[in-house]
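>
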Amino acid sequence: SEISAMDVAAASPPPMMLTQDELKRIAAYKAVEFVESGMVLGLGTGSTAKHAVDRIGELLRQGKLENIVGIPTSKKTQEQALSVGIPLSDLDAHPVIDLSIDGADEVDPYLNLVKGRGGSLLREKMIEGASKKFVVIVDESKMVKHIGGSKLALPVEIVPFCWRFTAEKLRELMEGYGCEANLRLGERGKPFVTDNGNYIVDMHLEKDMGDLRAVSDAILRIAGVVEHGMFLDMASTVIVAGEFGVKIKNK
Ligand code: 5RP
Numbered sequence: 012s013e014i015s016a017m018d019v020a021a022a023s024p025p026p027m028m029l030t031q032d033e034l035k036r037i038a039a040y041k042a043v044e045f046v047e048s049g050m051v052l053g054l055g056t057g058s059t060a061k062h063a064v065d066r067i068g069e070l071l072r073q074g075k076l077e078n079i080v081g082i083p084t085s086k087k088t089q090e091q092a093l094s095v096g097i098p099l100s101d102l103d104a105h106p107v108i109d110l111s112i113d114g115a116d117e118v119d120p121y122l123n124l125v126k127g128r129g130g131s132l133l134r135e136k137m138i139e140g141a142s143k144k145f146v147v148i149v150d151e152s153k154m155v156k157h158i159g160g161s162k163l164a165l166p167v168e169i170v171p172f173c174w175r176f177t178a179e180k181l182r183e184l185m186e187g188y189g190c191e192a193n194l195r196l197g198e199r200g201k202p203f204v205t206d207n208g209n210y211i212v213d214m215h216l217e218k219d220m221g222d223l224r225a226v227s228d229a230i231l232r233i234a235g236v237v238e239h240g241m242f243l244d245m246a247s248t249v250i251v252a253g254e255f256g257v258k259i260k261n262k
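The sequence shown begins at 12 in full-length UniProt numbering and counts up one residue at a time.
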């Protein structure tokens with residue numbers, strides 16, 4: 012569905028000449044303004060979400076927030092959240108989350124996302140899908156016309172069992188989009204392993220995917236695929252920080 016409202020909040024002072032990391036921090040801090048005491052929070056993963064986790068910890072220590080329960084989307088975020096003093100739980104104990112805050116690799120004008128460059132897409136999709144509100148925080152470099160078909164790859168989490176078979180099925184499915192499907196490598200050239208013990212195939216596409224929902228369904232029908240990094244119709248708000256200031260786009 013189309014974006015129904017766009018608020019433009021002027022950041023003061025305008026973030027001219029700021030680094031990408033400073034823009035990420037500005038977006039993250041803005042998102043944390045949505046956090047209220049007593050909330051169950053989905054805690055995202057990545058260099059942008061890290062700023063939000065730090066900020067929530069800081070507000071807890073200052074007594075400006077109370078009774079927060081964090082649900083981390085990765086082992087890395089779990090460690091960071093504990094180190095800044097956020098009490099943690101999980102989806103089994105809290106199947107409904109008040110608010111999730113996370114970064115993204117790409118955001119289109121309809122607030123569809125590609126996520127998973129950090130490899131945490133499965134837990135992110137479970138937790139953010141269980142959230143009443145999902146606020147995405149990005150710097151302006153993440154805004155694209157079409158997700159998946161532009162600069163970055165679409166990540167797909169697959170089981171390690173006969174991963175070449177699954178990667179080939181993915182490549183065949185996406186052949187019409189000029190697809191290259193590469194196993195993501197981690198340390199010492201070994202396959203990158205997700206928190207769930209799975210592998211990731213990065214699908215580099217030359218063309219945009221058109222009907223995203225149809226492509227999503229087709230990918231998920233391949234046995235061996237666990238989840239993919241397209242987050243369709245999930246974000247309620249996207250906070251974009253750029254040279255213009257901060258834009259808040261609401262679904
Ligand atoms: C991790 C993700 C991240 O949110 C995404 O990769 C953005 O990361 P960063 O904030 O470091 O640019 O989806 O799986």
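Even for Gly, the Cβ is constructed at its ideal location relative to N, Cα and C.
As the structure is a computational prediction, the values presented were derived from the model and not from experiment.
(1) For residue 30, does the count of other Cβ atoms within 10 angstroms reach 16, so buried, or fall short, so exposed?
(2) What is the residue span of the alpha helix (DSSP H) that residue 227 lies within?
(3) Would you give the residue range spanned by the beta strand (DSSP E) that residue 142 belongs to?
(4) Ignore the nearest five residues each way along the sequence and tell me which others in residue 109's own chain have a CB closer than 6 angstroms to its CB.
(5) Where do the N-terminal and C-terminal ends of the beta strand (DSSP E) with residue 260 fall, by residue?
(6) Only counting the same chain, and skipping five residues up and downstream in sequence, which positions put a Cβ closer than 7 angstroms to that of residue 209?
(7) For residue 64 versus residue 54, is the C-beta spacing smaller than 8 angstroms?
(8) Are there 16 or more other CB atoms within 10 angstroms of the CB of residue 226, so buried, or fewer, so exposed?
(9) Does DSSP put residue 94 in a helix, in a strand, or in coil?
(10) Apart from the five residues on each side of it in sequence, which residues of its chain come closer than 7 angstroms, Cβ to Cβ, to residue 243?
(11) Going straight from the alpha carbon of residue 46 to that of residue 114, what length do you get?
(12) Could you check where the alpha helix (DSSP H) with residue 71 kicks off and where it finishes?
(13) Determine the contact status of residue 10 and residue 59, defining contact as a CB-CB distance below 8 angstroms.
If we stick to the structure as given:
(1) Residue 30 comes out exposed.
(2) Judged by DSSP secondary structure, residue 227 falls within the alpha helix (DSSP H) whose first and last residues are 223-231.
(3) DSSP places residue 142 in the uninterrupted beta strand (DSSP E) bounded by 142-150.
(4) Excluding sequence positions up to five before and after residue 109, its CB lies within less than 6 angstroms of the CB of 50, 51, 143, all in the same chain and listed in chain order.
(5) Segment 256-261, the beta strand (DSSP E) holding residue 260.
(6) Only 168, 169, 170, 171, 237 meet the Cβ criterion.
(7) Less than 8 angstroms separates the beta-carbon of residue 64 from that of residue 54.
(8) That one is buried.
(9) Helix.
(10) 123, 223, 224, 227.
(11) The straight-line gap separating the alpha-carbon atoms of residue 46 and residue 114 is approximately 16 angstroms.
(12) The continuous alpha helix (DSSP H) containing residue 71 extends over residues 58-72.
(13) Given that the chain is displayed from residue 12 to residue 262, the structure contains no residue 10 and the question cannot be resolved.
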